[in-house]
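Mapped onto the working numbering, the consecutive letters of the sequence shown carry residue numbers -4 to 356. Down below is the structure, laid out as structure tokens.
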Amino acid sequence: MNAFTPRTPRPDRAHADALLTAELAELLPPPPVPGPDPERERELRHTVLRTALADGGGAAARPPARRGFRAGWIAAPLAACAVVAGVVVLAPQDAPPGSPGRISAGRQASPEAVDVLSRAAFAAAAAPAPDVRPDGFVYVRSLVAHAGRDASGGAARLPEAHPREVWLSADGSRPGLLREPGAADSPLGAPLPVYELDHRGATPRRTTAQAAPPSVTNPTHAYVATLPTDPEALLRLIRDQTGRSGGDPDQRAFTAIGTLLAETWAPPKVTAALYEAAARIPGVTVLPSAKDAAGREGVAVARTAHGEQTQWIFDRTSSAFLGERTVVVGATSAGPVGTVLGVSAVLAKAAVGAPGVVPGA
């Protein structure tokens, strides 16, 4: 071959590879169709939820209003232990003030817990808004039981659950009412009498204690309606208002959200944001099965701190909040592992005009 002999052009390497790939594709079986991607499903669910929150539910089908209320600590707050008629009533514990909260360090909420809470948020966003007048009351009915033990000690014992009714002033301007069987009706939120001394040796002057302003830990219906609907902003607010006394800030936030969910009647967007905020708390997991005080079985999300596990129980079909349980899961003074310290069931929630008025009576 001399310099003037034309060369045969070499085929392009990329083109040759493409031809080979096409030939192999005809000989090989087709690839399997990929199954559902759980992470993608969660992203889609969150997108749908954010859309529902943005337009207040839109044209989404609205299920019947979820009615429920659990017995908790808003109306009758307790310290970690209270002695009543010689019996020590146990409340969920937290770390001593100032102790480090290392329980959930580095542990995010599990994907399964995020799924359960996202479904609950989606259902809540589509629920009808509560119709409570500013001068009215929120009525709540529940079944509750709290473990107690003799003042001399011993393992905690859980009594049979009993009914509990409360009437809470919507704007906090009027006293409410607590009603339980076997006890006299108790006013809620009434001004407490106190005595002041103007100077040493003066006659005590009777006055009343000034009520604390509404907050996450002292909520009114009107206050809850103003809470942020952005989950991140809501969680920051809850942590700010509950974490000042030390302890495990994540557990304090989880407990506060559970109380708000069960003992207030928040607007749909706020309720949905509370569930989404809880999904951002580290250490939240799922229990396949749990029962509330009424014996209703469902799936639960839970968080453990200092040997005690707080469980929120949800209906498997509607994702409605059913109630709570607190169970010993580690070394505590309350009793062996498996001891139930408290259980509740949310039964009814409604708007009424005055304390003592029972809906449908």
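We put the beta carbon where it would ideally sit given N, CA and C, even for glycine.
(request) Give a yes or no on whether the C-beta atoms belonging to alanine 346 and alanine 150 are separated by under 9 Å. (result) One-based indexing of the sequence shown puts residue 346 at position 351. One-based indexing of the sequence shown puts residue 150 at position 155. No, the Cβ-Cβ distance between alanine 346 and alanine 150 is not below 9 Å.
(request) Let me know the secondary structure DSSP gives glycine 143 once reduced to three states. (result) Taking the first residue of the sequence shown as position 1, residue 143 is located at position 148. DSSP places glycine 143 within a strand segment (E or B) once states are collapsed to three.
(request) Reducing DSSP to helix, strand and coil, say where alanine 108 ends up. (result) For the purposes of this step, residue 108 is taken as the residue at position 113 of the sequence shown. In the structure shown, alanine 108 sits in a helix (DSSP, three-state: H, G or I).
(request) Taking only the alpha-carbon atoms, compute the straight-line gap between arginine 128 and serine 313 and give it to the nearest angstrom. (result) In the sequence shown, counting from the first residue as 1, residue 128 sits at position 133. In the sequence shown, counting from the first residue as 1, residue 313 sits at position 318. The straight-line gap separating the alpha-carbon atoms of arginine 128 and serine 313 is approximately 28 Å.
(message) At the level of alpha carbons, what is the spacing between glutamate 18 and serine 284?
(response) Position 23 of the sequence shown holds residue 18. Position 289 of the sequence shown holds residue 284. For glutamate 18, the pLDDT reaches just 47, beneath the cut-off of 50, and the residue's location in the model is therefore unreliable, leaving the point undetermined.
(request) Could you give the DSSP three-state label for valine 265: helix, strand or coil? (result) Taking the first residue of the sequence shown as 1, we reach residue 265 at position 270. Here valine 265 sits in helix by DSSP.
(message) Considering Cα atoms alone, identify which of Ala267, Lys344 and Asp245 is closest to glycine 104.
(response) As a first step, residue 104 is located in the sequence shown; it is residue number 109 there, counting from the start. Per the sequence presented here, residue 104 reads as alanine, with glycine not at that position. The option with the nearest alpha carbon to alanine 104 is Asp245.
(request) Tell me whether aspartate 145 is buried or exposed, calling it buried when 16 or more other Cβ atoms sit within 10 Å of its Cβ. (result) Counting from one through the sequence shown, the residue named residue 145 turns up at place 150. Flag for aspartate 145 reads exposed.
(request) Tell me, to the nearest whole angstrom, how far the beta carbon of aspartate 287 is from that of alanine 340; I am working on the premise that it is less than 8 Å. (result) The residue you call residue 287 lines up with position 292 of the sequence shown. The residue you call residue 340 lines up with position 345 of the sequence shown. About 4 Å separates the two Cβ atoms, so the contact holds.
(request) Count the other CB atoms, across all protein chains shown, that sit within 10 Å of the CB of alanine 171; report buried if there are 16 or more and exposed otherwise. (result) Reading the sequence shown from its first residue, position 176 is the one you call residue 171. Reading the sequence as shown, one finds glycine at residue 171 and not alanine. Answer is buried; the Cβ neighbour count reaches 16.
(request) Would you mind giving the Cβ-Cβ distance between proline 300 and aspartate 243, rounded to the nearest angstrom? I have them listed as a contact below 8 Å. (result) The residue you call residue 300 lines up with position 305 of the sequence shown. The residue you call residue 243 lines up with position 248 of the sequence shown. Checking the sequence shown, residue 300 turns out to be alanine, not proline. So it is a contact: roughly 5 Å between Cβ atoms.
(message) Give me, in chain order, the residues of the same chain whose beta-carbon lies closer than 7 Å to that of isoleucine 252; leave out the 5 immediate sequence neighbours on both sides.
(response) The residue you call residue 252 lines up with position 257 of the sequence shown. Result list for isoleucine 252: Ile233, Leu269, Ala272 and Ala273, in chain order.
(message) Taking the alpha-carbon of threonine 266 as reference, which of Pro106, His194, Val109 and Phe117 has the nearest alpha-carbon?
(response) As a first step, residue 266 is located in the sequence shown; it is residue number 271 there, counting from the start. Measuring C-alpha to C-alpha distances from threonine 266 to each of Pro106, His194, Val109 and Phe117 identifies Phe117 as the nearest.
(request) Could you tell me if arginine 159 is buried or exposed, where buried requires 16 or more neighbouring beta carbons within 10 angstroms of its beta carbon? (result) One-based indexing of the sequence shown puts residue 159 at position 164. By the neighbour-count rule (16 or more Cβ atoms within 10 Å), arginine 159 is buried.
(request) Compare the C-beta of tyrosine 270 against all C-beta atoms of chain B and say whether one is closer than 9 Å. (result) Absent from the structure: chain B. Only one protein chain is present.
(message) Quick check on the burial criterion: 16 or more other C-beta atoms within 10 angstroms. Buried or exposed for glycine 293?
(response) As a first step, residue 293 must be located in the sequence shown, where it is residue number 298. Buried: at least 16 other Cβ atoms inside 10 Å.
(message) Taking its Cβ as the centre, do 16 or more other Cβ atoms sit within 10 Å of arginine 298, making it buried, or is it exposed?
(response) The count along the sequence shown starts at 1 and reaches residue 298 at position 303. Buried is the call here.
(message) So, with DSSP's three-state summary, where would you put glutamate 191?
(response) If you number the sequence shown from 1, residue 191 lands on position 196. If DSSP states are grouped into helix, strand and coil, glutamate 191 belongs with the strands.
(message) By DSSP's criteria, tryptophan 307 is part of a beta bridge. Which residues make up the other side?
(response) As a first step, residue 307 is located in the sequence shown; it is residue number 312 there, counting from the start. Note: tryptophan 307 sits in a beta bridge opposite Val296 and Glu319.
(request) Check arginine 275 in the structure and name its three-state DSSP category. (result) Translated into the one-based positions of the sequence shown, residue 275 becomes position 280. Shown here, arginine 275 sits in coil according to DSSP, grouped into three states, outside any helix or strand.
(request) Return the first residue and the last residue of the beta strand (DSSP E) that arginine 174 is part of. (result) For the purposes of this step, residue 174 is identified with residue 179 of the sequence shown, where counting begins at 1. Per DSSP, arginine 174 belongs to the beta strand (DSSP E) from 171 to 174.
(request) Can you give me the start and stop residues for the beta strand (DSSP E) that glutamate 160 sits inside? (result) For the purposes of this step, residue 160 is taken as residue 165 along the sequence shown, with counting starting at 1. Here the beta strand (DSSP E) through glutamate 160 covers 157 to 164.
(request) With alanine 248 as the anchor, note down where its alpha helix (DSSP H) starts and where it stops. (result) Reading the sequence shown from its first residue, position 253 is the one you call residue 248. Taken as a continuous stretch (DSSP letters only), the alpha helix (DSSP H) holding alanine 248 covers 244 to 258.
(message) Quick check on DSSP: helix, strand or coil for leucine 183?
(response) By 1-based counting over the sequence shown, the position of residue 183 is 188. The answer is strand: DSSP assigns leucine 183 an E or B state.
(message) According to DSSP, simplified to helix, strand and coil, what is serine 113?
(response) Taking the sequence shown and counting its residues from 1, the one referred to as residue 113 is at position 118. In the three-state reduction of the DSSP assignment, serine 113 falls in the helix class, which pools H, G and I.
(request) Drop a sphere of 10 angstroms on the beta-carbon of leucine 192, count the other beta-carbons inside from all chains shown, and report buried for 16 or more, exposed for fewer. (result) Counting from one through the sequence shown, the residue named residue 192 turns up at place 197. Exposed is the call here.
(request) Alpha carbon to alpha carbon, how far is glutamate 155 from proline 125? Give it in angstroms, no decimals. (result) The count along the sequence shown starts at 1 and reaches residue 125 at position 130. The count along the sequence shown starts at 1 and reaches residue 155 at position 160. Cα to Cα, proline 125 sits roughly 31 Å from glutamate 155.
(message) For a test of the three-state rule: what should DSSP assign to threonine 237, helix, strand or coil?
(response) Position 242 of the sequence shown, counting from 1, holds the residue named residue 237. Threonine 237: helix per DSSP, three-state reduction.
(message) For valine 341, report the span of its beta strand (DSSP E) as first-last.
(response) As a position in the sequence shown, residue 341 is number 346, starting the count at 1. Boundaries of the beta strand (DSSP E) harbouring valine 341: 335 to 347, taken from the DSSP string.
(request) Would you mind sorting valine 365 into buried or exposed? The rule is 16 or more other CB atoms within 10 Å of its CB. (result) Shown here, the chain extends from -4 to 356; a query on residue 365 therefore has no answer.
(request) In angstroms with no decimal places, state the Cα-to-Cα distance between proline 277 and valine 109. (result) For the purposes of this step, residue 277 is taken as the residue at position 282 of the sequence shown. For the purposes of this step, residue 109 is taken as the residue at position 114 of the sequence shown. Spanning the two alpha carbons is a distance of roughly 11 Å.
(message) At the level of alpha carbons, what is the spacing between leucine 282 and leucine 112?
(response) Locating residue 282 in the sequence shown gives position 287, where the first residue counts as 1. Locating residue 112 in the sequence shown gives position 117, where the first residue counts as 1. Taking the straight line from one Cα to the other gives about 13 Å.
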